[in-house]
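Visitor:
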Amino acid sequence: MRFLHTIPSADPALGGPIEAMNRLGAALERRGHVTEIVSTDAPAAPWLAESALKIHALGPAKGASLGTGIRRYSYAPNLRPWLREHGGEYDAVIVHGLWQYLSFASWSALHGGGVPYVVYPHGMLDPWFKRRYPAKHLKKWLYWPWADYRLLRDAKCVIFTSDEERVLARESFWLYRAEEAVVRYGTADPQPVDPGARKRFLETYPMLNGKEVILYLSRITRKKGCDLVIRAFGEAFVTNPE
Numbered sequence: 032m033r034f035l036h037t038i039p040s041a042d043p044a045l046g047g048p049i050e051a052m053n054r055l056g057a058a059l060e061r062r063g064h065v066t067e068i069v070s071t072d073a074p075a076a077p078w079l080a081e082s083a084l085k086i087h088a089l090g091p092a093k094g095a096s097l098g099t100g101i102r103r104y105s106y107a108p109n110l111r112p113w114l115r116e117h118g119g120e121y122d123a124v125i126v127h128g129l130w131q132y133l134s135f136a137s138w139s140a141l142h143g144g145g146v147p148y149v150v151y152p153h154g155m156l157d158p159w160f161k162r163r164y165p166a167k168h169l170k171k172w173l174y175w176p177w178a179d180y181r182l183l184r185d186a187k188c189v190i191f192t193s194d195e196e197r198v199l200a201r202e203s204f205w206l207y208r209a210e211e212a213v214v215r216y217g218t219a220d221p222q223p224v225d226p227g228a229r230k231r232f233l234e235t236y237p238m239l240n241g242k243e244v245i246l247y248l249s250r251i252t253r254k255k256g257c258d259l260v261i262r263a264f265g266e267a268f269v270t271n272p273e
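Residue numbers (our numbering): 32 to 273.
1. In chain order, what are the residue ranges of uninterrupted alpha helix (DSSP H) at least 4 long that sit wholly in the stretch 163-236?
2. Just to confirm, is the Cβ distance from E67 to L110 under 8 Å?
3. Which residues in the same chain have their Cβ closer than 7 Å to the Cβ of R201, if we skip the five residues on either side of it in sequence?
4. State the Cα-Cα distance for the pair R253 and W159, rounded to the nearest angstrom.
5. Which class does A41 belong to by DSSP, given the choice of helix, strand or coil?
6. Measure the alpha-carbon distance for H153 versus A178 and round it to whole angstroms.
7. Quick one: what does DSSP say T66 is sitting in, helix, strand or coil?
8. Alpha carbon to alpha carbon, how far is T71 from E90? Give it in angstroms, no decimals.
9. Within 10 Å of its beta-carbon, does P39 have 16 or more other beta-carbons around it, so buried, or fewer, so exposed?
10. Specify the secondary structure class of V244 as computed by DSSP and reduced to three states.
11. Where P112 and Y121 are concerned, what is the direct C-alpha to C-alpha distance, given to the nearest angstrom?
12. Taking the Cβ atom as the reference point for each residue, do R33 and V65 lie within a distance shorter than 8 Å?
13. So L114 and A88 are supposed to be a Cβ contact under 8 Å. How far apart are they, rounded?
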């Protein structure tokens with residue numbers, strides 16, 4: 032089978048979604064399937080040559096930029112015509128993210144056609160954003176009925192990575208219709224550990240010698256809940272110091 036992922040940028044520095052695509056693509060390739068990516072990166076973007084997957088870079092995107100990373104909203108005039116011309120060459124299309132021209136163009140080019148598409152919201156329907164940024168949510172309401180609501184409504188399915196994410200997504204907008212599915216995020220097996228890495232780490236941070244160390248892999252932001260983890264460990268320490 033042939034799969035196409037659509038995403039604003041394939042820059043690996045943006046983390047999560049593009050890393051998942053690379054891992055999934057490698058796993059599918061071992062089973063004889065083909066995975067390609069279409070993005071609105073500039074064709075000369077340095078990370079394109081480093082990707083193991085074929086990337087169709089249709090940028091650079093033009094117009095207003097309302098954010099960074101997968102939340103960047105910019106107009107890419109070549110995207111919709113390309114999807115209309117080449118979408119039929121794939122067995123399925125996977126659309127990543129909301130609130131961007133790429134998701135609207137994907138819906139516009141693919142809905143009602145013969146190629147099914149699915150959508151990964153990547154947490155962008157969490158009602159936390161509605162409570163935290165009410166003014167932004169109002170602007171999203173102006174966009175929602177004409178773009179991303181239709182994207183989800185016409186998708187073969189909308190994929191969430193946990194049941195909690197799926198249930199919470201229904202609370203962001205009363206106008207909501209989607210065929211929901213929960214698919215866990217996977218990744219590759221860990222790489223072999225360098226036997227000298229621990230020694231070098233403790234030489235660099237000697238204050239951690241003899242202590243339990245917890246590795247936190249995420250952005251330092253309120254949304255990720257790092258503060259909750261710190262408080263929880265502080266409370267647990269009172270009754271269980273070891």
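Glycine included, every Cβ here is placed at the ideal spot set by N, Cα and C.
Guide: Short version:
1. Counting only runs that start and end inside the stretch 163-236, the alpha helix (DSSP H) elements of at least 4 residues fall at 165-174, 179-184, 194-200 and 228-235.
2. Counting from one through the sequence shown, the residue named residue 67 turns up at place 36. Counting from one through the sequence shown, the residue named residue 110 turns up at place 79. Cβ atoms of E67 and L110: not closer than 8 Å.
3. Counting from one through the sequence shown, the residue named residue 201 turns up at place 170. Same-chain partners within the cutoff: Y207.
4. Looking up residue 253 in the sequence shown gives position 222. Looking up residue 159 in the sequence shown gives position 128. About 11 Å.
5. Looking up residue 41 in the sequence shown gives position 10. In the structure shown, A41 sits in coil (DSSP, three-state: anything other than H, G, I, E or B).
6. Here residue 153 is taken as the residue at index 122 of the sequence shown, counted from 1. Here residue 178 is taken as the residue at index 147 of the sequence shown, counted from 1. When the Cα atoms are used, H153 and A178 turn out to be separated by approximately 17 Å.
7. By 1-based counting over the sequence shown, the position of residue 66 is 35. Looking at T66 - three-state DSSP - the assignment turns out to be strand.
8. In the sequence shown, residue 90 corresponds to position 59, counting from 1. In the sequence shown, residue 71 corresponds to position 40, counting from 1. In the sequence as presented, Glu is not what sits at residue 90; that position holds Gly. Approximately 4 Å between the Cα atoms of the pair.
9. The residue you call residue 39 lines up with position 8 of the sequence shown. Its Cβ being crowded by 16 or more others within 10 Å, P39 is buried.
10. The count along the sequence shown starts at 1 and reaches residue 244 at position 213. Three-state result, V244: coil.
11. Taking the sequence shown and counting its residues from 1, one reaches residue 112 at position 81. Taking the sequence shown and counting its residues from 1, one reaches residue 121 at position 90. Annotation: P112 to Y121 spans about 15 Å, alpha carbon to alpha carbon.
12. In the sequence shown, the residue the question calls residue 33 occupies position 2. In the sequence shown, the residue the question calls residue 65 occupies position 34. Cβ atoms of R33 and V65: closer than 8 Å.
13. Within the sequence shown, numbered from 1, the residue matching residue 114 stands at position 83. Within the sequence shown, numbered from 1, the residue matching residue 88 stands at position 57. Going by Cβ atoms, the distance from L114 to A88 rounds to 14 Å, so no, they are not a contact pair.
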